[in-house]
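Visitor: In the numbering used here, the protein residues as written are 496 to 1301. Have a look at the structure that comes next, please.
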Amino acid sequence: MVSIRCLIITSLLLLNCTIASNAQDSTGDLPAGVDVQSLTNQLQAEGLTPSDIVSKARSMGLSTEQIRSMQMNLQSNRSSNIESSPEAFTQEEQVTLSPSSTPSTVRSNNFSGSVTLEGLELFGSTFFGSSNNAFEAAFRIPTPMNYQLGPGDQLVINIWGAAEARYALTINEEGLIRISGIGPVYLNGLTVEQARDRLMVQLKRIYSGLEKRDESKKDTYADISLGAARTIMITVIGEAMRPGTYSISSLSTVFNALYVTGGPSKKGSFREIEIIRNNQVISTLDLYDFILNGDLSGNIRLLDQDIIKINPYKKHIYLSGEVKRPAVFELYREEKLGDLINYAAGFTDKAYTKRFTIERFTDFQRRLEDVGWPEDSEKELFDGDRIKIGRILDRYENRVTIQGAVFKPGSYELEEGMSVADLIMKAEGFREDVFMNRALLTRTRNNYQKEVFSFPLHSFFGQKQEIDSTANMLLQKDDLLRIYSAADLQDVSSIRVLGAVKNSGDIPYSDGLSLDDVILMAGGFTYGAANYNIEIARFVSETDPYEKENELIKSFFFEVDDELIQEMSEFMLRPFDVITVREKPNSQRLGTIQISGEVNFPGSYLLQTRTDRISDIIRRSGDLSEFAYPEGATLQRSAMSNRALAQAEEVINEMVEFQRNDNIAIDLVAILDNPGSDDDLFLRSGDRIVIPRKSNTVTVEGQVLYPVTIRYDKGLKMDDYIRKAGGFTEMALKKNVYVIYADGDVEKVRRGLFGRRTPNIAPGATIIVPTKELEEELLPQERIGIYSAIISMAAIVTNTIFQIIR
């Protein structure tokens, strides 16, 4: 048994040696994932790095293809940080590391809008409260030349040409990166340019193509750049909107950090922000330098463990009114009033700068100080000062105005010695329609009372008058000269056209207008116009020879043919004449009525004669259907109501029509039994007949416990239906219960000598129980007052009766 065991072990050892020997002699015949995979897993379990594993494999005598297979296994085992391009292997090694994740940072400050104090914006707060991410850290920027590498930074190495590879390597805590085939390289504290030089020296050890000095023979190239910046910790203290410790990109500047924290708070300073590094203040930032001048010299890049301290403000000055940038400004050090005005971008064009007031708080009370500009530009200001710049007066110091019938009306400069004639000449003289008899000059006195001068204009057309004439009257500021037009002083005359014309209404009057002219201006006749019966109504004046006693209007009748030729063309129209064109008796438009509901052919029907009745339309619509309920039929008619709009200045009263729909109860059963009877109403255009469907229900609504629709029962009365609805509520007005029938008729409960009489109930009826009007309950004090008054009155009456008896 022992000899058999020894024989098996010896055979296995010989077989293993043979396989190993064949693997060394082969060019990749060894299956991947068998021995190479096992060896890779074993070496990784021993804690060796990838470069150590490759070195160990070389020392064991593995071939190039076997080492390449091992590298691929390593790559698959570390897929989270390795990328590969298998088709590009032309050198012995290629290791490509994926970039690490972007450093975490706060992307939004979660603040919106600017900070306001007493309704004024705190100057500068908009930059940190806006939503446009103005100071959010940008990562896709060129690496600064002075940027020093440190743990957490990622370097990207690209190799191309005869060999292709890509490394994405992160500097570890010791300041090292490890490159397969090269080993650790120390980069902590170096700039990117210095790191590039050091890495190129190391890469030339494994990429021989990088060593060739002759560019024409060089076949391998390399590029080294910063892939992702590391994360640093900074602290913001003091008067920040959100102080604390933040993890931000190492590429971040002071502005980026301030944006994250929301900037200074209401108590924070925009002028004195300290950057502390290694327990020393290395820089003081004044945000006004950037906000006002775009100066970024103070926006230094932050390093790990830097501290930003926002000091409290020292001077807040409230500036409002007529400045271009009203706000609450912070003054720093020895800044004066002139600096404040510069920060506000100066005054507006309406600012009154000769004098304005500073409101200041003293130790005990408030105090006002008057200052002027620019003589007080060096005045010192104190914390809490409030300055409001007023506006100039809304009036002119040298204005005169001319209005009316001149060619160039408007306002003009008042020159020294300027007269009325001079102003008229500046306005290019009178228009042709000028009213010569009178003009008005309105002058405002110093006490704001008005004074009016009137004068004729005839002299302005002659030679220049003496100095005391109206033409040479000297003007004063704010004088208003009104030159009237003759047309403005005349009443606006018109002629009114009514009736069967296309464009009825008022037409401006002109001398020489005739009737046919006015008909033409009104668009001509409409269809059906009775052009042979045209009435002209004219006001009777005292000078008319045909005036009768108490006559107000005189009417004339004319005929105008279709060619608009008047039979009496010599008859001239006068202002305010009213022309009425009548319609022919039989020219009415075709009338239509509608019938809906339970007829065989519902729809619209034309009225065939003026005597069409309900029965005629029922017959034309195919009679009632088998489901019709004739007892509930209704006739809906548009009722015409006239309303006179009396206007004192109008010639006649205008009649304006408005419509409302009335339901007319009809007895359709009687109509159909006796067509042409008095029940069978004549129809009008626009009438609507509604034939409801048969109904076998009764509805109870209003102040009942349970409003309901109940099946109709011929033997039940109104009170029975109300009981079926639960009876009356406390708010029911029992004496005013009424019934609405299907045909629109209404009947209420009646009371007579023999008691209460309730309406009969028919199918489709609705019983309405109305609501009581609420009466206000008297308060106890009101009741006591009423009772006291009654008792007092009773005592007075009793005493009076007693005196009479005695």
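No residue lacks a Cβ here, since even glycine has one placed at the ideal position from N, Cα and C.
Going by beta-carbon coordinates alone, are V687 and L721 separated by less than 8 Å?
Guide: Here residue 687 refers to the residue found at position 192 when the sequence shown is read from its first residue. Here residue 721 refers to the residue found at position 226 when the sequence shown is read from its first residue. Yes, the Cβ-Cβ distance between V687 and L721 is below 8 Å.
Visitor: With DSSP as the reference, label Y827 as helix, strand or coil.
Guide: Here residue 827 refers to the residue found at position 332 when the sequence shown is read from its first residue. In the structure shown, Y827 sits in coil (DSSP, three-state: anything other than H, G, I, E or B).
Visitor: Mark Q971 as exposed unless 16 or more other C-beta atoms lie within 10 angstroms of its C-beta, in which case mark it buried.
Guide: The residue given as residue 971 occupies position 476 in the sequence shown. By the 10 Å Cβ count, Q971 comes out exposed.
Visitor: With DSSP collapsed to three states, give me the class of E786.
Guide: Counting from one through the sequence shown, the residue named residue 786 turns up at place 291. It should be noted that the sequence gives Ile, not Glu, for residue 786. Helix.
Visitor: Pull the bridge partners of G678 from the DSSP assignment, please.
Guide: As a position in the sequence shown, residue 678 is number 183, starting the count at 1. Answer is I674.
Visitor: Span of the beta strand (DSSP E) holding Q1089?
Guide: Along the sequence shown, read from residue 1 onward, the residue named residue 1089 stands at position 594. Where Q1089 is concerned, the enclosing beta strand (DSSP E) stretches over T1087 to G1092.
Visitor: By Cβ distance, which residues of its chain are closer than 7 Å to N1362, with the 5 residues on each side in sequence left out?
Guide: A query on residue 1362 cannot be resolved here, the shown segment of the chain reaching from 496 to 1301 and no further.
Visitor: In chain order, what are the residue ranges of uninterrupted beta strand (DSSP E) at least 3 long that sit wholly in the segment 1178-1205?
Guide: The qualifying runs are 1183-1186 and 1192-1197.
Visitor: What does the alpha-carbon distance come out to for the pair L782 and Y813?
Guide: In the sequence shown, the residue the question calls residue 782 occupies position 287. In the sequence shown, the residue the question calls residue 813 occupies position 318. Those two C-alpha atoms are separated by around 18 Å.
Visitor: Classify K804 as buried or exposed, calling it buried when 16 or more other Cβ atoms lie within 10 Å of its own Cβ.
Guide: Numbered from its first residue, the sequence shown carries residue 804 at position 309. It is buried - the Cβ of K804 has at least 16 other Cβ atoms within 10 Å.
Visitor: Which whole-angstrom value describes the C-beta separation of K819 and G833, a residue pair presumed to lie in contact below a C-beta threshold of 8 Å?
Guide: What you label residue 819 is simply residue 324 of the sequence shown in a count that begins at 1. What you label residue 833 is simply residue 338 of the sequence shown in a count that begins at 1. Wrong, their Cβ atoms sit about 15 Å apart, outside the cutoff.
Visitor: Quick test of the definition: if touching needs 3 or more C-beta pairs under 8 Å, does the segment 990-997 touch the segment 905-924?
Guide: Short answer: they don't touch.
Visitor: Answer with buried or exposed for V749, where buried requires no fewer than 16 other C-beta atoms within 10 angstroms of its C-beta.
Guide: As a working mapping, residue 749 is identified with position 254 in the sequence shown. It counts as buried.
Visitor: Can you have a look at G1092 and say buried or exposed, based on whether 16 or more other CB atoms are within 10 angstroms of its CB?
Guide: In the sequence shown, the residue the question calls residue 1092 occupies position 597. Result: buried.
Visitor: Spatial neighbours of N893 within its chain, please: C-beta separation below 7 Å, excluding the five flanking residues on both sides.
Guide: Along the sequence shown, one-based indexing puts residue 893 at 398. Excluding residues within five positions, the ones whose Cβ falls inside 7 Å are E908, L909 and K972.
Visitor: Just reading off the alpha helix (DSSP H) that R1114 is part of, what are its end residues?
Guide: As a first step, residue 1114 must be located in the sequence shown, where it is residue number 619. From DSSP, the alpha helix (DSSP H) with R1114 extends over I1109 to R1115.
Visitor: Could you tell me which of D986, S778, T852 and G1086 sits nearest to D1182, measuring between CA atoms?
Guide: Here residue 1182 refers to the residue found at position 687 when the sequence shown is read from its first residue. Selected option, being the one with the closest Cα: G1086.
Visitor: According to DSSP, simplified to helix, strand and coil, what is T1293?
Guide: Walking along the sequence shown from the start, residue 1293 turns up at place 798. Helix, per DSSP.
Visitor: Can you tell me which of the three DSSP states Q944 falls into?
Guide: Here residue 944 refers to the residue found at position 449 when the sequence shown is read from its first residue. The answer is coil: DSSP assigns Q944 none of H, G, I, E or B.
Visitor: What's the C-alpha gap between D865 and M968?
Guide: Counting from one through the sequence shown, the residue named residue 865 turns up at place 370. Counting from one through the sequence shown, the residue named residue 968 turns up at place 473. Going from the Cα of D865 to the Cα of M968 covers about 42 Å.
Visitor: State the Cα-Cα distance for the pair L1008 and E1046, rounded to the nearest angstrom.
Guide: Residue mapping note: residue 1008 aligns to position 513 of the sequence shown, counting from 1. Residue mapping note: residue 1046 aligns to position 551 of the sequence shown, counting from 1. L1008 and E1046: Cα-Cα distance of roughly 25 Å.
Visitor: I'd like to check one pair, S815 with L615: are the Cβ atoms closer than 8 Å?
Guide: Within the sequence shown, residue 615 is the residue found at index 120, counting from 1. Within the sequence shown, residue 815 is the residue found at index 320, counting from 1. Yes, these two residues count as a Cβ contact at 8 Å.
Visitor: When the Cα atoms are used, what is the spatial distance from V1199 to V1234?
Guide: In the sequence shown, counting from the first residue as 1, residue 1199 sits at position 704. In the sequence shown, counting from the first residue as 1, residue 1234 sits at position 739. Between V1199 and V1234, the C-alpha separation is close to 14 Å.
Visitor: Threshold first: 3 residues or longer. Then list the beta strand (DSSP E) segments lying entirely within the segment 982-1042, N to C.
Guide: Taking only runs of at least 3 residues, the beta strand (DSSP E) segments lying wholly in the segment 982-1042 are 989-994, 1000-1003 and 1024-1034.
Visitor: Do you know offhand how far G905's Cα is from I897's?
Guide: Stepping through the sequence shown from its first residue, residue 905 is reached at position 410. Stepping through the sequence shown from its first residue, residue 897 is reached at position 402. Taking the straight line joining both Cα atoms gives about 6 Å.
Visitor: What residues match up with A822 in a beta bridge as DSSP calls it?
Guide: Translated into the one-based positions of the sequence shown, residue 822 becomes position 327. DSSP, once it has assigned bridges, lists L814 as partnering A822.
Visitor: If you draw a straight line from the C-alpha of A1289 to the C-alpha of I1279, how long is it?
Guide: Reading the sequence shown from its first residue, position 794 is the one you call residue 1289. Reading the sequence shown from its first residue, position 784 is the one you call residue 1279. Looking at the two C-alpha atoms, the distance is approximately 15 Å.
Visitor: Can you tell me which of the three DSSP states T638 falls into?
Guide: As a first step, residue 638 must be located in the sequence shown, where it is residue number 143. In this structure, T638 counts as coil in the three-state DSSP scheme.
Visitor: For the putative contact between A846 and I884, defined by C-beta atoms under 8 Å, what is the C-beta separation to the nearest angstrom?
Guide: Looking up residue 846 in the sequence shown gives position 351. Looking up residue 884 in the sequence shown gives position 389. Confirmed, about 5 Å.
Visitor: Taking the alpha carbon of I1090 as the point to measure from, which residue in D1072, V1035 and S1180 has its own alpha carbon closest?
Guide: If you number the sequence shown from 1, residue 1090 lands on position 595. For the residues D1072, V1035 and S1180, the minimum Cα distance to I1090 belongs to S1180.
Visitor: Compare the beta carbon distance of L1130 and I1184 with 8 Å and say whether it is the shorter of the two.
Guide: Here residue 1130 refers to the residue found at position 635 of the sequence shown. Here residue 1184 refers to the residue found at position 689 of the sequence shown. Closer than 8 Å, so yes.
Visitor: The beta strand (DSSP E) that contains A908, what's its start and end?
Guide: Residue numbering aside, residue 908 sits at position 413 when the sequence shown is read from its first letter. Per the sequence shown, residue 908 should be read as Glu rather than Ala. G905 to E908 is the extent of the beta strand (DSSP E) around E908.
Visitor: On the premise that F623 lies in contact with L797, defined as a C-beta separation below 8 Å, what is that separation, rounded to the nearest angstrom?
Guide: The sequence position of residue 797 within the sequence shown is 302, counting from 1. The sequence position of residue 623 within the sequence shown is 128, counting from 1. Rounded, the Cβ-Cβ distance is 17 Å, inconsistent with contact.
Visitor: DSSP has F950 in a bridge; who is on the other side?
Guide: As a first step, residue 950 must be located in the sequence shown, where it is residue number 455. In the DSSP output, where bridge partners are listed per residue, F950 has A934.
Visitor: At the level of alpha carbons, what is the spacing between I1186 and F1096?
Guide: Here residue 1186 is taken as the residue at index 691 of the sequence shown, counted from 1. Here residue 1096 is taken as the residue at index 601 of the sequence shown, counted from 1. Looking at the two C-alpha atoms, the distance is approximately 12 Å.
Visitor: Express the C-alpha separation of T1192 and I1286 in angstroms, rounding to a whole number.
Guide: The residue you call residue 1286 lines up with position 791 of the sequence shown. The residue you call residue 1192 lines up with position 697 of the sequence shown. I1286 and T1192: Cα-Cα distance of roughly 57 Å.
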